[in-house]
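Here's the structure we're looking at; comments come further down.
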Amino acid sequence: MISKFIGNTPLRHCEALSTRYHTNIYIKEEFHNPGMSAKDRPALFMIQDAIDRKKIKPGGIFVEASSGNTGLGITLIARKLGYHAKIFVSQSCSKEKIALLTKAGADIEICDNSNGLHDFNSTQFRAQSFAATHPNTYFTNQYYNTQNIRAHYKTTAPEIWEQTSGNITHFIAGVGTGGTISGVGRFLKEQCNNIKVWGIEPAGSILSHFLKHRTLPTFMVPFDTIEGIGRNFVPGSFDAASVDQIFQVNCQETKHAAIAYYSQTGIMTGFSSAAVIASLDRYVAKMGFTPADTVVLVFPDHGDRYISKLYNESGNVHQAMLSSNITSF
Ligand SMILES: Cc1ncc(COP(=O)(O)O)c(C=O)c1O
7 MISKFIGNTP
17 LRHCEALSTR
27 YHTNIYIKEE
37 FHNPGMSAKD
47 RPALFMIQDA
57 IDRKKIKPGG
67 IFVEASSGNT
77 GLGITLIARK
87 LGYHAKIFVS
97 QSCSKEKIAL
107 LTKAGADIEI
117 CDNSNGLHDF
127 NSTQFRAQSF
137 AATHPNTYFT
147 NQYYNTQNIR
157 AHYKTTAPEI
167 WEQTSGNITH
177 FIAGVGTGGT
187 ISGVGRFLKE
197 QCNNIKVWGI
207 EPAGSILSHF
217 LKHRTLPTFM
227 VPFDTIEGIG
237 RNFVPGSFDA
247 ASVDQIFQVN
257 CQETKHAAIA
267 YYSQTGIMTG
277 FSSAAVIASL
287 DRYVAKMGFT
297 PADTVVLVFP
307 DHGDRYISKL
317 YNESGNVHQA
327 MLSSNITSF
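Shown next, in the form of structure tokens:
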């Protein structure tokens with residue numbers, strides 16, 4: 007059964023980053039899940055919850071609005087359990103993710119999120135509307151489903167706690183729905199309130215402002231497109247009480263970080279993983295790591311999903327690197 011293969015992902019010591027920042031940096035490699043992303047965890051919890059509460063009958067349709075990864079997790083699990091999947095994705099979704107969703111058997115609709123997630127043509131609105139007007143459907147609704155946080159609280163967090171033997175001092179993750187940082191952050195703070203829980207979001211996203219002021223910014227600007235992270239509203243699955251600080255990085259420095267990291271390590275990172283790497287360079291003084299710290303970064307998915315976006319259409323990474331002025335890791 008697919009659920010047996012979800013979670014228990016490795017935590018790998020990263021030599022390159024540890025040396026560069028004079029501390030101990032570990033990477034939680036979530037691309038080892040069956041759908042090759044962290045989002046298999048909430049997908050499983052949300053589907054299981056709906057089935058347990060008899061919200062959907064066998065053969066029904068699970069519906070989700072997704073930048074691709076949650077959609078893939080929902081599709082793989084739903085189909086294995088005898089259900090269908092209807093996934094509303096934004097037009098900015100990488101072609102690799104669309105190909106994976108198609109192969110997995112999802113019924114896909116491409117939507118337009120350029121006017122926000124509550125606009126008539128958005129993934130969120132269209133998914134909600136589809137579920138409301140079709141029988142035997144269930145909208146998993148990752149932005150407002152408590153199972154999203156719960157999945158990370160119950161699985162990702164205890165795994166990290168165990169894998170670091172309780173020595174973790176910093177947890178850093180990209181923030182999209184907020185499920186990962188809220189679930190892991192809540193668990194870690196319960197173990198030791200001094201553990202730093204830091205989020206990363208794209209420039210222009212509003213969660214760092216919200217965390218600081220508990221209000222929305224007066225002026226909203228479009229946020230940089232880094233797939234999977236960044237929002238212009240506060241999701242219900244973002245628990246501000248579990249997060250200490252959110253740092254912003256822009257798209258360009260994220261792309262540079264991806265290419266530099268690849269050049270140094272031979273590993274292609276996902277887009278949001280590269281944003282986390284970029285944040286280290288930009289904020290390392292503020293972060294103030296010591297050689298005794300144990301820093302855990304989440305890599306929610308892998309660079310193979312972003313060959314066309316991050317590593318050049320032709321996959322010619324080195325060419326891209328030469329044309330950008332970057333430091334190596
Ligand atoms: C690649 C990637 N990174 C980061 C995130 C953000 O995770 P969360 O939604 O738990 O905040 C997502 C969410 O879809 C994602 O797909």
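Numbering-wise, the sequence shown is residues 7 to 335 according to this note's numbering.
We treat Cβ as the ideally placed atom computed from N, Cα and C, and that holds for glycine.
The model shown is predicted, which means the values in this text are computed figures rather than measured ones.
Helix, strand or coil for residue i, going by three-state DSSP, please let me know.
i: S320; result: Interpretation of S320 is limited by its pLDDT of 47, a score under 50 that renders its predicted location unreliable; the figure taken from the coordinates is listed afterwards. Three-state DSSP puts S320 in coil, outside helix and strand.
i: I80; result: helix
i: P164; result: helix
i: F11; result: helix
i: H28; result: coil
i: I201; result: coil
i: V190; result: helix
i: A91; result: strand
i: K61; result: coil
i: E21; result: helix
i: I33; result: strand
i: A179; result: strand
i: F68; result: strand
i: I206; result: strand
i: S96; result: strand
i: T170; result: coil
i: M42; result: coil
i: F216; result: helix
i: Y312; result: coil
i: P223; result: coil
i: N75; result: helix
Using alpha carbons as the reference points, say which of the options lies closest to residue i.
i: G336; options: F51, G180, V181, F193; result: Past the edges of the chain, shown from 7 to 335, lies residue 336, and the structure says nothing about it.
i: C198; options: S188, A298, T175; result: T175
i: K92; options: E102, M52, S100, F136; result: F136
i: F68; options: G242, Y144, A284, I8; result: Y144
i: S243; options: A280, I187, K261; result: I187
i: V203; options: M274, T15, T300, N154; result: T300
i: I273; options: I33, T15, N14; result: I33
i: H38; options: K10, H28, L286, G65; result: K10
i: S100; options: T81, I80, S72; result: S72
i: G88; options: Q54, A105, I313; result: Q54
i: D250; options: T275, I232, S214; result: S214
i: D230; options: R220, A209, L217; result: A209
i: S98; options: A247, E233, S248; result: E233
Could you tell me if residue i is buried or exposed, where buried requires 16 or more neighbouring beta carbons within 10 angstroms of its beta carbon?
i: D58; result: exposed
i: G48; result: The amino acid at residue 48 is misidentified as Gly; the sequence shows Pro. Counting Cβ neighbours within 10 Å, P48 comes out buried, since at least 16 surround it.
i: E259; result: buried
i: M225; result: With the sequence shown as reference, residue 225 is identified as Phe, and Met is not the correct amino acid for it. Exposed: under 16 other Cβ atoms inside 10 Å.
i: G65; result: exposed
i: L222; result: exposed
i: A280; result: buried
i: S320; result: With a pLDDT of 47 at S320, under the threshold of 50, the modelled position of that residue is not reliable, and the figure given next carries that caveat. The residue in question, S320, is exposed, as its Cβ has fewer than 16 Cβ neighbours within 10 Å.
i: G236; result: buried
i: E168; result: exposed
i: Q254; result: buried
i: K63; result: exposed
i: G79; result: buried
i: R132; result: buried
i: F295; result: buried
Tell me which residues share the same chain as residue i and place their Cβ nearer than 8 Å to its Cβ, disregarding the 5 neighbours each side in the sequence.
i: V282; result: I178, A179, G180, I206, L303, V304, F305
i: G122; result: S128, N238, F239
i: I252; result: V181, W204, G205, I206, E207, L213, S214, L217
i: A22; result: Y267, Q270, T271, F335
Under 6 Å Cβ to Cβ from residue i, same chain only, skipping five residues before and after it: list those, please.
i: E115; result: F94
i: P241; result: Y149, T183, G184
i: K103; result: G74, R311
i: H19; result: Y32
i: T15; result: E35, E36, H38
i: Y289; result: F253
From the beta carbon of residue i, is the nearest beta carbon of chain B less than 8 Å away?
i: L78; result: Absent from the structure: chain B. Only one protein chain is present.
Less than 7 Å between C-beta atoms, sequence neighbours within five positions excluded: which residues of the same chain meet that for residue i?
i: G77; result: E70, I93, V95, L107, A112
i: P3; result: With the chain represented from 7 up to 335, any question about residue 3 goes unanswered, as that position is not in the structure.
i: R156; result: F51, G189
i: I12; result: N39, P40, D46, R47, L50
| task | Output the residue ranges of the beta strand (DSSP E) runs that lie fully inside the region 102-146 and measure 3 residues or longer, sorted by chain position. | result | Runs found: 113-117, 143-145.
| query | Which residue spans inside the region 227-308 form an unbroken alpha helix (DSSP H) run of at least 4? | reply | 257-271, 277-293
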